[in-house]
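Okay, structure first, notes after.
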DNA sequence: AGGATTATCTTGACATCGTCAGGATTGCGC
DNA sequence: GCGCAATCCTGACGATGTCAAGATAATCCT
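So, in C-alpha cells, the structure goes:
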C-alpha cells in the first residue's frame with residue numbers, strides 16, 4: 046500500500062476504479078450509477094476513467110466481466126462441495142448461481158441486463174461464455190457425455206429455472222421465499238430442482 | 046383527433062406521454078431514457094410531465110403498471126385459447142408470459158427491474174399483484190382448488206422457469222432458441238413446461 | 001546518462017439531463 | 001361573468017458524460 050498523498054500516477058487506477066464502481070453500483074443501483082462519483086471516490090479527476098475504460102459502458106462492461114468470473118467461481122465452488130455425483134454437482138451449480146445473485150444483486154442484474162451493449166468487449170463475452178459452458182458441461186456429465194449441438198431442453202430448462210428463481214428472489218417478488226432462512230431457501234430451490242433434474 | 050396547432054391544453058397529455066414514453070423506452074432502453082425526450086416527442090415543454098407523474102420514476106412506474114395490465118391480458122388470452130383443462134390453461138399462461146416478453150422486451154425488463162422503486166405507486170403494486178394472482182390461481186385450479194398460504198414449490202417453480210426463459214431469451218443468451226421460428230420456440234417451451242407441470 | 005516518446009492523469013468546456021420556482025393560459029364551478 | 005383550480009410554459013440550477021488540450025510521470029532508446 047503506497048500511501049503518498051496524491052501521486053499523479055495512481056499506480057493501479059484500473060482496479061481501484063472497478064472496486065469503487067462495484068460499491069457505487071451496490072449502493073445506488075444501475076440507475077443512480079455515475080462515472081464522476083466513482084472517480085470522486087477513488088480521489089481522481091472525473092475524466093480519468095476514460096483512459097482505462099474509454100466509456101461509461103466500458104467500465105460497466107469490465108465490471109460485468111469480472112462479475113461473470115466470480116459468478117463462475119461461485120458455481121464451481123458449490124459443485125466441488127457436492128462431490129462426484131453429476132446430479133448433485135449440477136444442483137450445486139444452481140445453488141452457487143443463487144449464492145452469487147443474492148450476494149451481489151446489483152452486479153447480477155447488470156450482468157444480465159444490457160446497459161452496456163455496444164461495448165463489444167471480448168473480455169465480457171468470454172467471461173459470459175465460460176460461465177455458460179460450466180452449466181452445459183454439468184448437463185453433459187449428467188446424461189453421460191454428450192454435449193449435443195442442438196437446443197437442449199434440459200439445459201435451457203434448468204438454466205431458466207435457476208435464473209428465474211434468482212431474478213424473482215432479488216426483485217422481491219417472492220416474499221414467502223425471501224422470509225425463509227438461508228438454509229430453508231436452499232432446500233426450497235433444491236426441491237424444485239430435483240423435480241426437473243431427472 | 047383535435048388537430049389544432051399547439052393548444053395550451055393538450056387534452057390527453059397523460060396518455061400521450063405514456064405512449065411516447067413506451068416508444069422511447071423501446072428505442073433507447075432504460076439507460077437512454079429521458080424525460081425531456083418524451084416531452085419533446087409529444088411536442089410539449091420539458092416540465093410538463095412533472096404535473097402528471099410528479100417524477101421521472103413516477104412516469105416509469107405508471108408505464109410499468111400499464112405494462113403489468115397488458116401482461117396479464119396476454120396471459121389470460123392464451124389461457125382462454127387453451128380451453129378448460131387446467132394443465133393446458135396453465136401452459137397457455139406461460140406462453141402468454143413469453144408473448145409479452147418478446148413483444149415488449151424493454152417494458153418487460155422495466156417491470157421486473159427496479160429503476161422506479163421509491164415511487165410507492167399503488168397502481169403499480171396492484172397491477173403487479175393481479176398478474177401474479179393469475180398464475181397462483183392457475184396453479185390452484187391445477188391441483189384442485191387449494192390456494193395454499195405457504196410457499197408453493199410448484200407455483201414458484203413454474204413461475205421461475207417461465208420468467209427465466211423469457212429473461213434469457215430477450216437477453217440474447219439462448220442463440221439456438223432465438224434462431225427458432227415462433228412456433229418452434231413455443232413448442233420448445235411447451236416441452237420444458239410439460240415436465241414440470243405434472 | 002539523458003532526451004524523447006509514450007502512458008497516465010488533470011483542467012476546462014459543452015450539451016444534456018432532472019428538478020424546482022414562478023408565471024402564463026385555460027377550463028369550470030358558481 | 002368572475003374567481004379558482006388545473007394545466008402547461010419559461011428560466012434557472014446543479015449534476016452528468018464526453019471531448020480537446022495541457023500537465024506530469026514512466027519508460028525506452030541510443
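Chains as they are written, first to last, in the working numbering: chain Y, 46 to 243; chain P, 46 to 243. No residue lacks a Cβ here, since even glycine has one placed at the ideal position from N, Cα and C. These numbers were taken from a predicted model, which means no experiment stands behind them.
Notebook entry, point to check: When the Cα atoms are used, what is the spatial distance from residue 135(P) to residue 126(P)?
Noted result: For this step, residue 135(P) is matched to residue 90 along the second chain. For this step, residue 126(P) is matched to residue 81 along the second chain. Residue 135(P) and residue 126(P): Cα-Cα distance of roughly 11 angstroms.
Next item on the list: Check the Cβ of residue 210(P) against every Cβ in chain Y and list those closer than 9 angstroms, keeping chain order.
Entry: What you label residue 210(P) is simply residue 165 of the second chain in a count that begins at 1. Here the neighbours are 201, 202, 204, 205, 206, 208 and 209.
Margin query: Residues of chain P with CB closer than 9 angstroms to the CB of residue 213(Y), please, in chain order.
Written below: As a working mapping, residue 213(Y) is identified with position 168 in the first chain. Those are 157, 201, 204, 205, 208 and 209, listed as they occur along chain P.
Checklist line | Outcome for residue 212(P) when other beta-carbon atoms lying within 10 angstroms are tallied against a minimum of 16 | finding: Taking the second chain and counting its residues from 1, the one referred to as residue 212(P) is at position 167. It counts as buried.
Note to self: Among the candidates 55(P), 71(P) and 163(P), whose CA atom is the shortest distance from the CA of residue 96(P)?
What the structure shows: Sequence index remark: in the second chain, residue 96(P) carries index 51 (1-based). Among 55(P), 71(P) and 163(P), the Cα nearest to that of residue 96(P) belongs to 55(P).
Next item on the list: Under 7 angstroms between beta-carbons, which chain Y residues line up against residue 222(P)? List them in chain order, please.
Entry: Within the second chain, residue 222(P) is the residue found at index 177, counting from 1. Here the neighbours are 196 and 201.
Check: Would you say the beta carbon of residue 213(Y) comes nearer than 7 angstroms to a heavy atom of the ligand COA?
Finding: In the structure on display, the ligand COA does not appear, and there are no ligands present to speak of.
Note to self: Closest to residue 59(Y) by C-alpha separation, out of 78(Y), 241(Y) and 105(Y), would be which residue?
What the structure shows: Position 14 of the first chain, counted from the start, is the residue given in the question as residue 59(Y). Looking at the Cα atoms, 105(Y) is the closest of the given residues.
Note to self: Buried or exposed, going by whether 16 or more other CB atoms sit within 10 Å of the CB of residue 68(Y)?
What the structure shows: Within the first chain, residue 68(Y) is the residue found at index 23, counting from 1. The residue in question, residue 68(Y), is exposed, as its Cβ has fewer than 16 Cβ neighbours within 10 Å.
Note to self: Please classify residue 102(Y) as buried or exposed, where buried requires at least 16 other C-beta atoms within 10 Å of its C-beta.
What the structure shows: Reading the first chain from its first residue, position 57 is the one you call residue 102(Y). It counts as buried.
Check: In this structure, does DSSP put residue 188(P) in helix, strand or coil?
Finding: On the second chain, position 143 is the one that residue 188(P) refers to. Residue 188(P): coil per DSSP, three-state reduction.
Note to self: With distance defined between alpha-carbon atoms, name the residue in 70(Y), 184(Y) and 222(Y) nearest to residue 137(Y).
What the structure shows: The residue you call residue 137(Y) lines up with position 92 of the first chain. Minimum Cα distance to residue 137(Y) is reached at 184(Y).
Item checked: Proximal residues to residue 163(Y) (C-beta, below 8 angstroms), its chain only, five neighbours per side dropped -> Translated into the one-based positions of the first chain, residue 163(Y) becomes position 118. Once the five neighbours on either side are set aside, the close Cβ partners of residue 163(Y) are 102.
Checklist line | CA-to-CA distance, residue 160(Y) to residue 75(P), given in whole angstroms | finding: Numbered from 1 along the second chain, position 30 holds the residue referred to as residue 75(P). Numbered from 1 along the first chain, position 115 holds the residue referred to as residue 160(Y). Near 8 angstroms, if we compare the C-alpha coordinates of residue 160(Y) and residue 75(P).
Margin query: Let's test the definition: count the other Cβ atoms within 10 Å of the Cβ of residue 154(P) and tell me whether it reaches 16, buried, or not, exposed.
Written below: As a first step, residue 154(P) must be located in the second chain, where it is residue number 109. Residue 154(P) is buried by the Cβ-count criterion.
Margin query: Count Cβ pairs between the segment 192 to 211 of chain Y and the segment 219 to 237 of chain P that sit closer than 8 angstroms; are there 3 or more?
Written below: yes
Margin query: Just to confirm before moving on: does the CB-CB distance between residue 71(P) and residue 151(P) stay below 8 angstroms?
Written below: What you label residue 71(P) is simply residue 26 of the second chain in a count that begins at 1. What you label residue 151(P) is simply residue 106 of the second chain in a count that begins at 1. Yes, Cβ-Cβ distance for residue 71(P) and residue 151(P) is below 8 angstroms.
Next item on the list: Report back the beta-carbon spacing between residue 110(Y) and residue 168(Y) to the nearest angstrom; my notes put them in contact at under 8 angstroms.
Entry: Working through the first chain from its first residue, we reach residue 110(Y) at position 65. Working through the first chain from its first residue, we reach residue 168(Y) at position 123. 4 angstroms between Cβ atoms; contact.
Next item on the list: Return the Cβ separation of residue 187(P) and residue 131(P) in integer angstroms, given the expectation that the two are a contact with Cβ distance under 8 angstroms.
Entry: Walking along the second chain from the start, residue 187(P) turns up at place 142. Walking along the second chain from the start, residue 131(P) turns up at place 86. Right, their Cβ atoms sit about 4 angstroms apart.
Notebook entry, point to check: Beta-carbon of residue 241(P) versus every beta-carbon of chain Y: anything under 8 angstroms?
Noted result: Indexing the second chain from 1 puts residue 241(P) at position 196. Chain Y, which has a Cβ nearer than 8 angstroms to the Cβ of residue 241(P), makes this yes.
Next item on the list: Identify which residue in 177(P), 220(P) and 216(P) has its Cα closest to the Cα of residue 113(P).
Entry: The sequence position of residue 113(P) within the second chain is 68, counting from 1. Closest by alpha carbon: 177(P).
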